[in-house]
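Novice: Quick one: the structure is below, questions incoming.
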Amino acid sequence: MDQRVSLITLAVVDLGRSRVFYERLGWRGQEVEETVFFQAGGLGLVLWDRDKLALDCGLPDSRGTGFGGIVLAHNLRSRQEVDALLAAAERAGGTLTKPAEETFYGGYSGCFADPDGHLWEIAHNPGFPLAEDGALTIPDLGSP
């Protein structure tokens, strides 16, 4: 298996509401057959009906509450950009789950949940440089 991710699909309860949320953050999507596709750098972010996605994966939808074990991250170039994006997410209908604060690794981050509870970490990490196009490079961390 190649070391890459092609698509991330988020299960949503109300496709229209979720599409509007991401569009309020400046994303532009295309809807095809009740599925919304966003180009997100070198991968795609997809919004799809929660029941259909569970069925497609061959699993029942347990609709658990609380932490689901996955967090999407969006890295930025400054602390000010982190604060601005967290505020924009709240205005768009997201819920701030952790205000931005200094991190143990010398960065700055906070978290929000989208209308379906999908968690996003918004971070400035000076140790993980961003290219001009926003692509993140994981540096050599000195591990064997």
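Residue numbers (the working numbering): 109 to 252. Every residue gets a Cβ at the ideal spot worked out from N, C-alpha and C, and that includes glycine. Small disclaimer: the values here were computed from a predicted structure and weren't measured.
To which residues does DSSP link F129 through a beta bridge?
Specialist: Paired residues: none, contrary to the question.
Novice: Decide if D222 is buried, meaning its Cβ has at least 16 other Cβ atoms within 10 Å, or exposed.
Specialist: The residue is buried, with at least 16 neighbouring Cβ atoms inside 10 Å.
Novice: If you count every other CB in all the chains shown that lies within 10 Å of the CB of I178, and 16 or more means buried, which is it?
Specialist: It is exposed - the Cβ of I178 has fewer than 16 other Cβ atoms within 10 Å.
Novice: Check A239 in the structure and name its three-state DSSP category.
Specialist: Three-state DSSP puts A239 in coil, outside helix and strand.
Novice: Is the distance from the Cβ of W228 to the Cβ of H182 below 8 Å?
Specialist: Yes, the pair counts as a contact, with Cβ atoms nearer than the cut-off.
Novice: Enumerate in chain order the residues of its own chain whose CB-to-CB distance from F236 is below 8 Å, with the five nearest sequence positions on each side excluded.
Specialist: Around F236: N183, L244, T245, I246 and P247.
Novice: Apart from the five residues on each side of it in sequence, which residues of its chain come closer than 7 Å, Cβ to Cβ, to D169?
Specialist: Only R158, D159 and A162 meet the Cβ criterion.
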